[in-house]
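Everything on this sheet refers to the single structure shown next.
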Amino acid sequence: MKMLYVVDSNGEEREGIKQYLELSGYEVQAFEDLHGVQVALSRQTPDLMLMEVQFPDGDGFTFLKKLKQTYSFPVIFVTTRVAESDRILGFELGADDYVCKPFSSKELVLRVHALFRRIDVSVSAFKSGSTWTLGNSVLQLDEVSHLFSVDGRQVPLTAAEWRIMSYLVSNSGILITRSQILEHCFDYSFESYDRIVDTHVKNMRAKMGPLGSQWIETVRGYGYRFAGRSTTNRAHGGSDTQE
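For the sequence shown, my numbering gives the first residue as 268, with consecutive numbering after it.
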C-alpha cells in the first residue's frame, strides 16, 4: 500500500483530503504545518506528498525547493493559490501537479492515480535495456531507485525529471515537442507552461555534466531529442543508425 503525506493548516480540508485518499486505498498521514512534516520525513519517506502553499510557519514553494535537494518523491500542490504565475512557479520548483481549491474530490483522487500510472510507465520503459552511449560517454538508468549515472557518476532525478527522461529516452532519436512532454508527463498542454519543460531540462542537463546538452539536444522552435543509443538494442541485433 502506498504511503501519502497530506500537509494543510486547514483542519477540515486536511481531514477531507485524507479521507478521500484512504477510501481510495492509500495509507495517509496528515500534518498541519511544515515543521510536523519535516520531523516525519526524518523517520519515513512517503510515496507522494500533497500540500498547501500557505502555512503559518513558512510557504510551500520555499519548502519544496529545499525538499528537492534531498528527496525525489513526487509532490502535488493542493492550494488556494490559483494565479497562473503561482502554478507555473510550482511546476518550475519541481511540483508534479497543481490542483486549485475548491476542487472535486473525485478529480483529486484520479490525479493521484494518474501520477502513479505515469511513474509506473516511466519505470517499465527501461526494463528491457538501460544502458545508452554517446561517443565514449555511457549513461545507465536504474528503474528501481529512480537514479541514473553518467560515466559511473550517480545522478539523482526528481520524479518529474525522471518522467521526462523516461519519455525522451523511450523515443531516442525522435524530436519531442514541449507540448508532447507536457501532455505525457504532466497532463498539461498550455503554451504558457512551455517554460516548465525548459526549466526541468536545464536542471537535468546540469546534473548530467558537460555533455548534458549533447545527451539532450535542443531543436530550436520545437523541442528536444535524446541523442543516446541503446547498447542493449545493438546487442540484440538492433540498428545502430540514428534516423
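Here a beta-carbon is modelled for each residue, glycine too, at the ideal position from N, C-alpha and C.
According to DSSP, residue pairing for Asp-387 in a beta bridge does not occur. Taking a cut-off of 8 Å on C-beta distances, the region 482-494 does not touch the region 365-378, as fewer than three cross pairs fall below it. Contact between the region 460-480 and the region 364-371 is not established, with fewer than three Cβ pairs separated by less than 8 Å. Taking Asp-314 as the centre and dropping the five residues before and after it, the same chain places the C-beta of Lys-269, Met-270, Leu-271 and Phe-340 closer than 7 Å to its C-beta, in chain order. Two segments are said to touch when three or more pairs of C-beta atoms, one from each, lie closer than 8 Å; by this definition the region 333-349 does not touch the region 287-298. Two segments are said to touch when three or more pairs of C-beta atoms, one from each, lie closer than 8 Å; by this definition the region 352-361 does not touch the region 295-311. Between the region 464-477 and the region 428-445, the count of C-beta pairs closer than 8 Å reaches three or more; the two stretches touch. Secondary structure within the region 400-488: the beta strand (DSSP E) runs of 3 or more consecutive residues, fully enclosed, are 404-409, 414-417, 420-423 and 483-486 (chain order). For Gly-495, there is no enclosing alpha helix (DSSP H), since its DSSP letter is neither H nor E.
Across the set Gly-327, Ile-284, Val-295 and Glu-294, the C-alpha of Gly-327 shows the shortest separation from the C-alpha of His-302. Between Tyr-491 and Leu-435, the C-beta gap is smaller than 8 Å, which places the two residues in contact. Scanning Phe-453, Gly-495 and Ile-284 for the CA closest to the CA of Arg-384 turns up Phe-453. Taking 8 Å as the cut-off, the beta carbon of Tyr-293 is found no closer than this to the beta carbon of Thr-312. For the pair Ser-371 and Ser-497, the Cα-to-Cα distance works out to about 43 Å. Per the coordinates, the alpha-carbon of Asp-363 lies some 16 Å from the alpha-carbon of Arg-445. In this structure, Ala-297 sits near Val-273, with a CB-CB distance shorter than 8 Å. DSSP, read as helix, strand or coil, puts Leu-356 in helix. Per DSSP, the unbroken beta strand (DSSP E) holding Val-273 starts and ends at 270-274. In this structure, the straight-line span from the alpha carbon of Arg-348 to that of Ser-433 is close to 30 Å. Counting the other Cβ atoms within 10 Å of the Cβ of His-451 gives 16 or more, which makes it buried. The beta carbon of Val-304 is closer than 8 Å to those of Tyr-272, Val-274, Phe-298, Met-316 and Met-318 in its chain, skipping five residues each way along the sequence.
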